[in-house]
Amino acid sequence: MSFDPRTSFGPDVAATYDDTLRGDEAAAVARLAELAGDGPALELAIGTGRIALPLAATGLRVDGVELSQAMIDQLRARPGGEALAVTRGDMAVVEMPDRYRLVYVVFNSLMNLVTQDEQVECVANAARHLTEDGVFVVENVVPDPVYGLRQDRGGVDQYVEAEHIGPDGITIEVGRFDRVTQRVDKCHVRLGGGGVRLDPLALRYIWPSELDLMARLAGLRLLARWGGWAGEPFDSRSLRHVSVYGRESRAR
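The opening residue of the sequence shown carries number 1 in UniProt numbering; numbering runs sequentially from there.
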């Protein structure tokens, strides 16, 4: 499957990206505001501003990096969106002039970088943008229970999940994954009165322990890990994690 984030997060996806909120946005904003202190903060893959806009509404300065122009356009159209400084670019390599008390990437967006090298670069880039006392926060799924990584079908690992079933139509997610590269190629298929809509996407899933090693390569150490934004314990049943990293001097 061919994947280009600039087209996979195009106008159609951007226009409906926030139609179904997860319900933990307030908890995420509260946690990030606490970690940011006086700021400033930088969101990598800021998207439509789902988190950045309410975080900025607390009085914190929030800058952003985003590759998709369609997502930036959607952010700009929202109340307060014009006030945010957003740089269009690749979050793995973009260089911002400032340093930040908080750099964060949420909602599995680190996995939009589809090779390990790109993800390592991104974590290192985040570390370069931190102040000495700054923290890097990652929210990400735990891949094993999410993707069901033992579903061999005739030598191919794949899955089908019913996301929505209703009188207006159905939405299913169909995906294949490669255990060697940890790449997932998937497509959200929407079937309804308006016809068929396909939203393809490629990701590279990351284990929490692998992310910890990426952080160590960047000179960071794990300071805290929760199972959610409200500080839920992280354990073997957790479906996601919120991980906080700081410079090695902070971890001592």
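Where is the CB? At the ideal position from N, CA and C, for every residue including glycine. Since the structure is predicted, the reported quantities are computational estimates derived from the model, not experimental observations.
Taking all protein chains shown into account, decide if residue 253 is buried (16 or more other Cβ within 10 angstroms of its Cβ) or exposed. Residue 253 lies beyond the stretch modelled for the chain, which goes from 1 to 252, so this question has no answer here.
With a Cβ-Cβ cutoff of 7 Å, do S238 and V142 count as a contact? Contact flag set, yes.
Test item: CB-CB of A36 and R101 under 7 Å: Yes, Cβ-Cβ distance for A36 and R101 is below 7 Å.
With DSSP as the reference, please indicate the residues paired to I172 in a beta bridge. Assignment of beta-bridge partners to I172 by DSSP yields A162 and V189.
Taking the beta carbon of I165 as the centre, do at least 16 other beta carbons fall within 10 Å, making it buried, or is it exposed? Of the residues assessed, I165 falls on the exposed side of the cut-off, its CB having fewer than 16 other CB atoms within 10 angstroms.
In whole angstroms, what separates the C-alpha of G64 from that of D212? Near 24 Å, if we compare the C-alpha coordinates of D212 and G64.
Hey, A218 and A124: beta-carbon distance below 7 Å or not? The answer is yes: Cβ separation under 7 Å.
Give the straight-line distance between the Cα atoms of M96 and T48, rounded to the nearest whole angstrom. Rounded to whole angstroms, M96 to T48 spans 20 Å at the Cα level.
Okay, do the segment 181-190 and the segment 86-94 touch, 3+ Cβ pairs below 8 Å being the bar? The count of Cβ pairs closer than 8 Å, one atom from the segment 181-190 and one from the segment 86-94, stays below three, leaving the stretches out of contact.
Going by DSSP in three states, A28 sits in which element: helix, strand or coil? Reduced to three states, the DSSP call for A28 is helix.
Under 7 Å, do V29 and L60 count as touching if we go by C-beta distance? It is not a contact, given that the beta carbons lie outside the stated cut-off.
DSSP three-state call for S68: helix, strand or coil? It is coil, neither helix nor strand.
Thinking C-alpha only, which one of L220, G194, S249 and A202 is nearest V174? Closest option to V174, Cα to Cα, is A202.
From F234 to M71, what distance separates their C-alpha atoms? Rounded to whole angstroms, F234 to M71 spans 31 Å at the Cα level.
When we look at the beta-carbon of L110 and count the other beta-carbons within 10 Å, is it buried (16 or more) or exposed? With 16 or more other Cβ atoms within 10 Å, it is buried.
What residue range is occupied by the uninterrupted beta strand (DSSP E) comprising R247? First-last of the beta strand (DSSP E) with R247: R240 to R247.
Report the three-state DSSP secondary structure of G228 (helix, strand or coil). Residue state, collapsed to three classes: coil.
Beta bridge counterpart(s) of R237 as assigned by DSSP: DSSP lists no beta-bridge partner residue for R237.
Alpha carbon to alpha carbon, what distance is there between D199 and P167? Cα atoms of P167 and D199: separation of roughly 21 Å, rounded to the nearest angstrom.
Roughly how many angstroms lie between the CA atoms of A26 and A85, to the nearest whole one? Near 22 Å, if we compare the C-alpha coordinates of A85 and A26.
Kindly identify the DSSP beta-bridge partner or partners of R221. Under DSSP, the beta-bridge partners assigned to R221 are G246.
Please go through the segment 53-133 and give each complete alpha helix (DSSP H) segment of 4 or more residues, from N-terminal end onward. The qualifying runs are 69-76 and 116-128.
According to DSSP, simplified to helix, strand and coil, what is P200? Strand at P200.
Leaving aside the five residues before and after G80 along the sequence, list all residues of the same chain whose C-beta is less than 7 Å from its C-beta, in chain order. Its chain contains L53, A56 and A57 as the residues whose beta carbon lies nearer than 7 Å to that of G80, once the 5 sequence neighbours on both sides are disregarded; these appear in chain order.
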